[in-house]
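What the sequence shown shows, in my numbering, is residues 592 to 1076, in sequence order.
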Amino acid sequence: MHEVDVAIIGAGTAGMVAYGEVRKKTDRIALIEGGPFGTTCARVGCMPSKLLIAAADARHRLSTLPAFGIHSDAGTVDGRAVMKRVREERDRFASFAKDAVESFDQHHIVRAYAAFEDPHTLVLNAASDGTLPAFKRIRAERIIIASGSRPRIAEPLRAAGDRLVVNDDVFDWQDLPGSVAVFGAGAVGVELGQALHRLGVRVHMFSRGGSIAGISDPAVREVAVRILGAEIPSSLDARDVRIERDGNVVIVHFIDDDGVSRSERFDYLLAATGRAPNVESLALQHSGLALDARGVPDFDPQTMQAGDSHVFLAGDANANREVLHETADEGHLAGTNAMSFPAVYKHARRTPLGIVFSDPQIAFAGRTHAQLLTDGVDFAIGDVSFENQGRSRVMLVNHGLLRVYGEQDSGLLLGAEMIGPENEHLAHLLAWTIQMRMTVRQVLDMPFYHPVIEEGLRTALRKLLGVLGMGPHVPLSCIDCGPGV
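If you want it as C-alpha cells, here you go:
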C-alpha cells in the first residue's frame, strides 16, 4: 500500500495545474495517469482544430479576391500537405505538456488507471501502454478527480463501423477524404464541418431540433442558420436517420428539414455529438459520494469539493465548464482546497465566455438569453446587424448579428450572444466589462476607435440604453459611414 496526502487522477490541464498547487505544500503526492499525458486541447481539441481552420480560411480568402478586383488561380488544395502541417504543429503543441510532465518529480508519477476501492483507497490497473504500477493500491487523505472526458457517440452512429470517426481521429488523417457526414452541429461539428467544406471535402451536417453551435437567442440562431446553411449543406432537424454500410461507403438515410426522404453516400461519418466525463471506470459507487444522473459526483463549482468530503473534481470530469481556461481555474481551486481541507474556501468564477471558431465567429459572454429567461430576469435587448457595419463592409465580412442584454432596473450589462466577424474580440471585451459589473452607460463611456468592428458593439449598446429608458447616449457623429458604425 502506497500512502500519500493527495492523489490526483488524471494528468491533463486540470490535473497538472492541481499538481502544481499541491506540490507547494507537500511531497506526498501521486499523479495518476493511465493514458497519454497532456491536454485534450493540445492533442485533439483546440489547437489542431484551429490549424485545420487556418488552412481552410486561407483558401476561402482567395475566393473573395475577385470582389476586391484581384484575380488569382491559386487555391488548389494538397490534402496531404494540409494534414502534415496539422499533425506536425499539433505534436509541437502537445510536446509542451509532455515537457511539463517530465519536469515534475518523477517519484510522484504513477502510470496506471485508478478506481475507488473505498473512500480513501484507489486500486491501480495497467496503463494503456501495458505499464504495470509498482504497487497495487494507493491510500490518499485527499483525492482530486481530473480524469477528463471523451467523445460521446450515439449508438445508431456505430453502424458506420470503421468509417466512424471522432475529432481525435481527424487530426491523424494522412490526407483529406472526398466526403464526410458530420453528425452534431455544436462547436466541434460546425468548426470541423466548415473547415473540411472549405478545403474541398463534400460535407453534409446533421443535427436535431434546429440548434446550432449552442446559440440560445432565437434571433441570433436564425441568422446563424441562414449564414452557415447557405455555405454548408445542412439538415439541422433531420428525422428517421438510419446509417448503413456499403463496402467502404457510409450511407445516411434521412428525412430532411423539408420533409423529403433522402439518402447520401460518404467516405466517413464524423460523430461530433458532445463529450462525456470519464467517470465510469472509477468505481464511484465505492467512493461514498452522492452522484447525479450522469454518474458524476455532486460538487460545488466555487470550491470543487464533492459534498463535504475529501474529494474534489476539476476539468472535464465534472462536465461543468469544458473550456481550457476554466479547466485550469478548476485545477488551481481543487489543488488549493485539497491542501487546505478540511477548511475549504469559495472562489468567484470568471464570467462565462465561449467562442466557436466558425466564419463568421459565434460567441457568447456572460449570461445567455436562455439563462436570463430561466432565471426570470427582467432584461432588455439591444442589437446590431453587421450587414451594413462600416469596417465589416470594407473588409467584405459584413454578415451576422450581435444582441446584448441589460438589466432593467440597474442598467447592468448582463450578457450577449452573437455571430459576426472577429467576434472573439467583441466577446472578450464584453466578458471583461460584465465581470467588472459595468452598466451599459459606463461601457459606452469607454473609447471606441474609428473605423473598427467594435463600433458595431457601440451601436448595439446605444440601442440597449434606449430600450432600458435611460436616456440617449450622445456620441461623436460619423455621417459618412452608414448605419451600424
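Cβ atoms here follow ideal geometry from the backbone N, Cα and C, with glycine treated the same way.
For His795, the residue or residues it bridges with in DSSP: Bridge pairing for His795: Ala772 [DSSP].
Paired residues, beta bridge with Leu713 - DSSP: In DSSP, Leu713 forms a bridge with Phe707 and Ile729.
Separation of Gly791 from Gly1117, as counted between CA atoms: For residue 1117 there is no data in the structure shown, the boundaries of the chain being 592 and 1076.
Beta-bridge partners of Phe845, as assigned by DSSP: DSSP output for Phe845 lists Arg853 as bridge partner(s).
Rounded C-alpha distance that separates Trp1023 from Pro657: In this structure, the straight-line span from the alpha carbon of Trp1023 to that of Pro657 is close to 38 Å.
Bridge-paired residues (DSSP) for Pro888: Answer is Leu882, bridged to Pro888.
Ala665 in three-state terms, based on DSSP: Looking at Ala665 - three-state DSSP - the assignment turns out to be coil, as it is neither helix nor strand.
Beta-bridge pairing of Ala971 - partner residues as DSSP gives them: BP columns for Ala971 point to Gly997.
Paired residues, beta bridge with Leu860 - DSSP: Assignment of beta-bridge partners to Leu860 by DSSP yields Leu755 and Ala772.
Opposing strand residues paired with Phe955 [DSSP bridges]: Paired residues: Gly945 and Glu1008.
Contacts around Gln999, its chain only, beta-carbon distance under 8 Å, and the 5 residues preceding and following it disregarded: In its chain, beyond the 5 residues on either side, Asp969, Phe970, Ala971 and Leu1059 have a beta carbon closer than 8 Å to the beta carbon of Gln999.
Proximity below 9 Å, CB of Ala897 to CB of Gly739: Their beta carbons are not under 9 Å apart, which means Ala897 does not touch Gly739 by this criterion.
Stretch-stretch touch, CB-based, cutoff 8 Å, three pairs: the stretch 734–750 with the stretch 861–868: A contact exists between the stretch 734–750 and the stretch 861–868.
Coarse secondary structure for Leu1067, derived from DSSP in three states: Residue placement at Leu1067 is poorly supported in this model, since its pLDDT is 48, which falls under 50; the coordinates are not used for a value here.
Contacting residues, own chain, Cβ-Cβ under 8 Å from Ile1070 (five flanking each side not counted): Below a pLDDT of 50, predicted positions are generally treated as unreliable, and Ile1070, at 45, falls in that range; the measurement from the model is reported next regardless. So no residue of the chain qualifies.
Per DSSP, the bridge partner or partners of Pro868: Note: Pro868 sits in a beta bridge opposite Ser740.
Contact set for Met592: own chain, Cβ-Cβ below 6 Å, skip 5 residues either direction: The residues are Arg728 and Arg730.
Backbone CA spacing between Ser949 and Glu782 [nearest angstrom]: Distance between the alpha carbons of Ser949 and Glu782 is about 5 Å.
Simplified DSSP assignment, three categories, for His593: In this structure, DSSP gives His593 an extended state, which the three-state scheme calls strand.
Val608 versus Arg941, Ala737 and Val870, residue with shortest Cα-Cα distance: Per the Cα distances, Ala737.
Contact check, Gly601 vs Asn911, beta carbons under 9 Å: Going by C-beta atoms, Gly601 is not nearer than 9 Å to Asn911.
Reduced DSSP category for Glu624 - H, G, I as helix; E, B as strand; rest coil: Note: Glu624 maps to strand in three-state DSSP.
Element boundaries [alpha helix (DSSP H), containing Val608]: For Val608, the enclosing alpha helix (DSSP H) starts and ends at Thr604 to Arg614.
Per-residue DSSP class, three states only, for Asp555: As shown, the chain starts at 592 and ends at 1076. That puts residue 555 outside it, with no answer to give.
Leu1003 (DSSP reduced to helix, strand or coil): Correct three-state label for Leu1003: strand.
Nearest-angstrom Cβ-Cβ length linking Met1009 and Gly991, presumed shorter than 8 Å: Contact between Met1009 and Gly991 holds: CB atoms are separated by about 7 Å, below the 8 Å threshold.
Distance CB(Val613)-CB(Ala929) smaller than 9 Å: Taking 9 Å as the cut-off, the beta carbon of Val613 is found closer than this to the beta carbon of Ala929.
In DSSP terms, what Ser826 is bridged to: Bridge partners of Ser826: Phe797.
For Arg833: DSSP bridge partner residues: Bridge partners of Arg833: His844.
Residues that Ile599 bridges to, as DSSP identifies them: Per DSSP, Leu622 and Ile735.
Pick from Ala821, Ile818, Asp847 and Val841 that is closest to Asp831, judged by C-alpha positions: Residue Asp847 is the option with its Cα nearest to Asp831.
Glu624 burial status per 10 Å Cβ neighbour count (16 or more: buried): Buried: at least 16 other Cβ atoms inside 10 Å.
Which of helix, strand or coil DSSP assigns to Arg702: For Arg702, the three-state secondary structure derived from DSSP is strand.
Where Thr1030 falls: helix, strand or coil (DSSP): Correct three-state label for Thr1030: strand.
Cβ pair count under 8 Å reaching 3, the stretch 666–680 against the stretch 763–780: Judged by pairs of C-beta atoms under 8 Å, the stretch 666–680 touches the stretch 763–780, as three or more such pairs exist.
With 16 other Cβ atoms within 10 Å as the buried cut-off, status of Met1037: Under a 10 Å Cβ-count criterion, Met1037 is classified as exposed, with fewer than 16 other Cβ atoms of the shown protein chains found around its own Cβ.
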